[in-house]
Amino acid sequence: MIISTFLIILAYVCGSICSAVIVSQIFSLPDPRIEGSTNPGATNVLRLAGKKYALIVLATDILKGLVPVLIAKLYSNDPSFVGYVALAAVLGHVFPVFFNFKGGKGVATAIGALLGFQFLVGVMVVGTWLIVARIWRYSSLASLISISLAPIYGLMVIGRIEIFPPLFFIALLIIINHKDNISRLIEGTESKIKFKQNNVLDEVLEEDPGASPMPVVEERHTPAANENIPATLSAIHSKPIKTTVTETSKKKITDVNLDKEKTPAKKRTPRKKVSETAAAAPKKDTRAPRKAPAKPKQTKAEPKKPASTDKE
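With the first letter of the sequence shown counted as 1, position 210 gets the number 209 in numbering that gives the first Met the number 0; the numbers rise by one all the way through.
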């Protein structure tokens with residue numbers, strides 16, 4: 000009996016550890032209890048800090064429900080006792096003793112507790128969540144339907160009526176925490192999930208449409224000075240150009256037209272045709288005659304004088 004009570008208290012203490020607040024303090028992030036939706040959960044951390052930190056918070060919230068239930072299963076094989084340990088973990092997340100009893104909605108912790116309680120039941124709850132979210136695109140509606148079916152899934156898998164009360168109270172607790180979402184679903188103002196390709200985190204995280212949306216930064220492309228941007232025909236036709244003609248401009252146009260009418264048109268003088276005889280006559284060669292090359296001068300060879308003979 001003492002160990003059973005200790006395990007239930009341990010489950011409540013583990014659930015009271017608000018992972019969203021701890022992660023925000025470790026990484027110097029905005030306090031999720033003050034900013035955003037003021038809900039210390041993975042969705043608000045996703046909105047304030049990004050997917051990396053939201054994934055850490057989501058994994059921690061699931062472990063808060065999974066670990067105490069697994070410890071309880073090691074101690075006792077009674078499924079009803081294990082169910083109450085799971086309920087204590089969800090209560091700790093919703094009403095944390097360390098944070099003035101103001102916690103999250105408990106969906107992630109409940110999923111972790113159900114996975115530890117009976118793995119098949121947890122898988123059925125997660126599968127129901129994904130199917131409902133894919134069809135109707137409401138995260139709150141998917142959470143309400145999937146958690147509400149948990150007691151029925153437990154009876155189907157385990158087949159023992161004593162497990163119904165703890166699972167029923169878990170579902171009731173989560174439904175009460177979603178009362179604002181229920182009213183928005185009735186009014187038709189609940190925001191829908193925008194599924195993205197290859198993005199599982201956006202499908203698993205719970206959305207809180209009551210939060211103040213973050214400002215969206217629009218990227219504007221400023222073309223360079225030498226960049227030519229051709230205008231499409233549709234853009235040209237969609238934006239007609241309005242022209243306004245003043246009275247002075249009308250007078251100028253009429254004066255120009257009258258001047259054109261008064262001034263007679265100049266007659267063009269036809270070009271003279273070249274006569275056929277002139278065309279047939281041969282052209283004179285006006286080039287200067289070439290000079291004949293100069294002949295080289297011939298030099299006469301002088302006769303040789305006979306050699307003088309000395310007479311003795």
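Note that CB positions come from ideal geometry on N, CA and C, so glycine has one too.
Are the segment 82-95 and the segment 169-183 in contact at 8 Å, needing three or more beta carbon pairs? Put simply, the segment 82-95 touches the segment 169-183. At least three CB pairs are less than 8 Å apart.
Run through DSSP, which three-state label would residue 59 get? Residue 59 falls in the helix class under three-state DSSP.
At which residues does the alpha helix (DSSP H) containing residue 123 begin and terminate? 118-135
Give a yes or no on contact between the segment 89-99 and the segment 129-136, applying the rule of three or more CB pairs nearer than 8 Å. no
Using a Cβ distance threshold of 8 Å, determine whether the segment 46-53 contacts the segment 112-122, with at least three qualifying pairs required. Contact fails: fewer than three Cβ-Cβ distances are below 8 Å.
Helix, strand or coil: how does DSSP classify residue 46 here? The answer is helix: DSSP assigns residue 46 an H, G or I state.
Ignore the nearest five residues each way along the sequence and tell me which others in residue 28's own chain have a CB closer than 6 Å to its CB. 48
Assign residue 315 to one of two classes, buried (16 or more other C-beta atoms within 10 Å of its C-beta) or exposed (fewer than that). The structure shown does not extend to residue 315, since the chain spans only 0 to 311, so no value can be given for it.
With distances taken from CA atoms, which of 118, 7, 190 and 76 is nearest residue 89? 7
Hey, out of 192, 3, 17 and 12, whose CA is closest to residue 104's CA? Looking at the Cα atoms, 17 is the closest of the given residues.
Host alpha helix (DSSP H) of residue 0 (start-end): From DSSP, residue 0 is part of no alpha helix (DSSP H); its letter is neither H nor E.
Taking the straight line between their C-alpha atoms, what separation do you get for residue 123 and residue 175? 22 Å
Taking only the alpha-carbon atoms, compute the straight-line gap between residue 145 and residue 181 and give it to the nearest angstrom. 15 Å
Would you mind stating whether residue 177 and residue 139 have Cβ atoms separated by less than 8 Å? yes
How about residue 12: is its Cβ closer than 7 Å to a heavy atom in the ligand MN? The ligand content of the structure shown is nil, which means the ligand MN is not present either.
Identify, in the order they occur along the chain, each residue of the same chain with its Cβ nearer than 8 Å to the Cβ of residue 184, setting aside the five sequence neighbours on each side. 137, 139 and 140
Limits of the unbroken alpha helix (DSSP H) element including residue 79: 78-93
Given residue 22, which residues of its chain have a CB within under 6 Å of its CB, disregarding the five upstream and five downstream residues? If we look at residue 22 and ignore the five residues flanking it on each side, its Cβ neighbours are 52, 55 and 56.
In terms of residue numbering, what span does the alpha helix (DSSP H) encompassing residue 26 cover? Careful: residue 26 lies outside any alpha helix (DSSP H) and carries neither H nor E.
Under the three-state DSSP convention, the category residue 64 falls into: helix
Check residue 33 in the structure and name its three-state DSSP category. coil
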